[in-house]
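Note that the working numbering gives residue 262 to position 225 of the sequence shown, counting from 1, and the numbers run on in steps of one. Even for Gly, the Cβ is constructed at its ideal location relative to N, Cα and C. Keep in mind that this is a model prediction, so the values were computed, not measured. Structure record follows, encoded as structure tokens.
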Amino acid sequence: MVGASIAFHLTRLGEKDVFIFEKNYVSSGSTGRCAGGIRQQWSTRNNVRLAMRSVEWFKRMKEDTGLDVEYKQGGYLILSFDEKEAEEFAKNVKMQKEEGLEVEVLTPKQVKRRFPYVNVEGVKLATFCPTDGHANPHLANFAYIRRSVENGARLFTKTEVKEIDVSNGTVRGVWTSAGYIECEVVINAAGPWSKNVGEMVGIDLPTESYRHQILVTEPLEHIMDPMIISFSGNFYIRQTRHGSFLMGQGDKDEKPGINRKVTARFLLEMVNKMSRRFPFLKNLRVIRQWCGEYNMSPDAQPIVGLSENVSGYFYAVGFSGHGFMVAPAVGEALAEWIVFGKPKNVD
């Protein structure tokens, strides 16, 4: 989605010589395997601003691309089961409000009153932002790609970048499985493979990719508007437009690498955990589960910029599981950087 957004914004600004290389098919990577959450509640001002700017783009995505991406501002409810974390959340809300975000702190009783389907046992505090939301990641990614192509970009699927041609510290072109293409700018938005693409120009990007599992249930009548997550509880869940529930969790013991094998342990842990926290799920059948990757940076913050050593080499990597939700603003910033020499609308 980050790469698609960069292409969309470049062509929106009038660039025609834009080439999009996809090793497999569109949305075959992390974007097509994510839950599609869009959150503005962050602990740093820069991320709050980036996410708020992205929401503005998500709100107009149908207008910009002509495609309904199932975007809904159903909110984000974040539950804390830890006293220290709850204190940090309260501080974060103060900062978020200073940035202009509509967000509030909720007590367990308030959570139960507004979201009666949640078992609030053990909840210390919650935060809620009504302008957070979610979208269909497949549709959103395709929407940006399709509009980019309509604006003049060229899409190469089943095309792997083999080597980046650098001469005298400057990008000259790329060797792909379809041949050589001359260019002055290369943008590494390769997600799980970003480290490999960095090595092509001699840059050691500090990113590692980790498996992240997710499951989907059979549909129910719509009852859940917000995406509900918990860092201390280690889960997230949302209901899709079609009624199914998407849910997942992290695994601190996961080893780095591309691994798309699902596990029975994940399935059992999620079924037990989520049926206790959301009792209405108890008899719901799981349809399937799958894996994607979180491309992690050392501090879980995005690594976005222009190489100091290789002229013309940009990177947008290490989004640590949050690339989809900030992709529109990141794409805008990088496109402006390339066209104007610096971002204009994104700090």
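The alpha helix (DSSP H) enclosing L176, as first and last residue numbers: P174 to E187
Spatial neighbours of I43 in its chain, beta-carbon cut-off 8 Å, leaving aside the 5 residues before and after: I224, A226, A353, V367, G368, L371 and A372
Measuring CA to CA, which of I57, V39, E59 and S67 is closest to I1? No statement about residue 1 is possible, as the shown extent of the chain runs from 38 to 384 and does not include it.
By Cβ distance, which residues of its chain are closer than 6 Å to S185, with the 5 residues on each side in sequence left out? A44, F45 and T48
Taking buried to mean at least 16 other C-beta atoms within 10 Å of its own C-beta, is S80 buried or exposed? exposed
Simplified DSSP assignment, three categories, for A163: strand
Count the other CB atoms, across all protein chains shown, that sit within 10 Å of the CB of N320; report buried if there are 16 or more and exposed otherwise. exposed
Buried or exposed: where does K379 fall if 16 or more other Cβ atoms within 10 Å of its Cβ makes it buried? exposed
Please name the residue, chosen from H249, V347, K298 and A172, that lies closest to K289 on a Cα-to-Cα basis. H249
Excluding sequence positions up to five away, which residues of its chain have a Cβ less than 7 Å from the Cβ of N6? Coverage of the chain is limited to positions 38 through 384, which leaves residue 6 absent and any answer about it impossible.
Pairwise C-alpha distance: V299 and S269: 23 Å
Is any beta-carbon of chain C found at less than 9 Å from that of E158? Absent from the structure is chain C; it holds one protein chain and no more.
Can you tell me whether T194 is buried or exposed, with buried defined as 16 or more other CB within 10 angstroms of its CB? exposed
I need the boundaries of the beta strand (DSSP E) containing D202, first residue and last residue. V198 to S204
Helix or strand or just coil, what does DSSP make of N231? It is Ser, not Asn, that sits at residue 231 in the sequence shown. In this structure, S231 counts as helix in the three-state DSSP scheme.
If the criterion is Cβ atoms closer than 9 Å, does the pair Y108 and A190 meet it? no
Going by the CB atoms, is the gap between Y331 and G349 shorter than 9 Å? no
Span separating the alpha-carbon of F126 from that of K232: 33 Å
Shorter than 8 Å, the distance from the beta carbon of T213 to the closest heavy atom of the ligand COA, or not? Among the ligands in the structure shown, none appear at all, so the ligand COA cannot be discussed.
Does the Cβ of Y247 have 16 or more other Cβ atoms within 10 Å, making it buried, or fewer, making it exposed? buried
Just grab the DSSP bridge partners of I218 for me. V211
To the nearest angstrom, how far is the alpha carbon of N355 from that of Y273? The sequence shown places Gly at residue 355, rather than the Asn named in the question. For G355 and Y273, the distance between alpha carbons rounds to 20 Å.
Entirely enclosed beta strand (DSSP E) segments - the segment 281-348, minimum 3 residues: 282-286, 323-333 and 340-343
Could you compute how far the alpha carbon of A364 sits from the alpha carbon of Y181? 11 Å
Tell me whether the beta-carbon of F56 lies closer than 9 Å to the beta-carbon of I218. yes
Residue from L87, A215, V203 and G69 whose Cα sits closest to the Cα of G235: V203
Compute the distance between the beta-carbons of I375 and E59, then report whether it is under 9 Å. no
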